[in-house]
Structure formats: C-alpha cells, structure tokens
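Numbering (our numbering), first residue to last: 102 to 375.
Glycine included, C-beta positions come from ideal geometry on N, C-alpha and C.
Here the structure is a predicted model, which is why all the values come from computation and not from measurement.
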C-alpha cells in the first residue's frame, strides 16, 4: 500500500513501539556517566573482563569504585541513554621530527661516512651534539670527533690535511673577540670553518629552565668552572652535574640559540658540495 493511502509502511510498526537507536560512546578515562539501573554516578577509571563479558570501573566522588557490565543502553549521560564501549588500543604514531627539529627519516640505514668531519673540544660537547643532531648526522654521514682541547687543533689539521671534499668544521666554546680561542682559530683556510658560542662551557649553552634553575651561577676566573657550578647548585661532583645537564636535554628547544646556530652552520658547511 502506498503512503498516499495514509497508512505508510504497515511492516515498520507503530511509531510509539519503534526502537530508537541509542548513541554509542567511547568510555574514555574520566568520562562521567550514570548507571541507569542503580543510579550510581562516577568517572571511568578502568576496565575489567570476567567470564560473562567486559566491565567498566566507575569511581564516585567519595572514592568508591564499582564494576558495571558494558551492555546496550546501560548508562546515562546528561540523563540520556548511551551504550558505552571500551576504547580500542592504538599504536602511537612515530615522531615525524628529530630532536633537532628536522624531518625524521624512517628506516634509516647509516650511510658511508663522508671524508669531512666536525670536531668539538670535549666529550660533553660531542655528547650534546649527538643527542640533538645525531639523527641528522647519520642521514648525512657526518662523523663528530672531539679534539681533547683546542690547543691540539693545529696539529690535528696538519695531520688531516683539509681540502675539497674533506672539510673540517670546528665547534668552539667561549668564542668571543680577543679570547685565546679566537686567536687559535683564525686563518685556517677555505676548507675549515670555525663556529662557536660565547659561553664559558657547553653546559652553559643548555637553557637554565631545562635543568631547573633560574640562571647559571657566576664562577670567578681562576676557579674550575664545572666544580664551581656544582658547588653552588649542590649538584655534587662534576660527573654528577654532567648527568643532570645531559638528562635535561631532549631537543634543540633545551639549548641556547648561539649553540644551535653554530652547529647548524657546521653541518651545512661539511655537507654542501664544493
């Protein structure tokens, strides 16, 4: 019979007896719902599984936790019936950015090392560069080596013999006008680039907020800087202090801009075509 006859679809049942679909809601943690049968109201705090199905754990304002079966239309949200379902486990998406902020290359195979090198003054400098730029360096095939002191630079360059395709980038602490570091790093030729930061030590190139301090203390000239820093901050030995500094660095955001810029320039220099 057609609807024009005024009866509609006689097989669909009367409107008052027709079943109304109940919304399905994912039971995310801390979602507040009411059990329709008992009136117990609480926040979702977990799930359990029994021989007769899945259950949700609800905790009320007094800290009481009860289990309720995940059945159709068994709960209320704002007074309206809903069907709760357990969230499905999802695999977290892998990070798309490296610690330096560059695009991460997935499935990376270490490329054959370039002849060009980046040299840094000490092991702490090398460790921080690796922590932040390690992914980028492996993509580019750049090896970072430490000089064990800037006084060794001249001898190392004479042994290495920089040239086209075998450049050397040097990262220097306390590179300021008139310093010993500046005098040791001038006139080294077109295949050597020296960059650096103005800080006394690479520790100081880590943002104070990252290590939980307001500012790096001032250590008088003539006193060992790392020892003085640890004494003033109550960090114990320099070895213990270094662990605090290293663990505080997760990405380039934990470093000061002069160090970031210096390292980026060195990577560009040793990887650009001659």
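Look up residue 320 in the DSSP assignment and say whether it is helix, strand or coil. coil
Starting from residue 346, follow its DSSP beta bridges and name the residues at the other end. Answer by DSSP bridge pairing: none, since residue 346 is not bridged.
Under 8 Å between the Cβ atoms of residue 395 and residue 247? This structure cannot settle anything about residue 395, because the visible part of the chain is limited to 102 through 375.
Let's test the definition: count the other Cβ atoms within 10 Å of the Cβ of residue 294 and tell me whether it reaches 16, buried, or not, exposed. buried
Who pairs with residue 234 in a beta bridge, going by DSSP? Answer is none; residue 234 lacks a bridge partner.
Alpha carbon to alpha carbon, how far is residue 267 from residue 349? 34 Å
Beta carbon of residue 244, beta carbon of residue 178: below 8 Å? no
Taking C-beta to C-beta, are residue 310 and residue 356 nearer than 8 Å? no
Helix, strand or coil for residue 149? Go by DSSP, reduced to three states. strand
Touching or not, the region 320-331 and the region 295-304, by the rule of three or more beta carbon pairs under 8 Å? yes
Since residue 181 sits in a beta bridge, which residues does DSSP pair it with? 178
Cβ-based burial, residue 297 [other Cβ within 10 Å; buried from 16]: buried
Use the C-beta contact count for residue 200: other C-beta atoms within 10 angstroms, 16 or more gives buried, fewer gives exposed. buried
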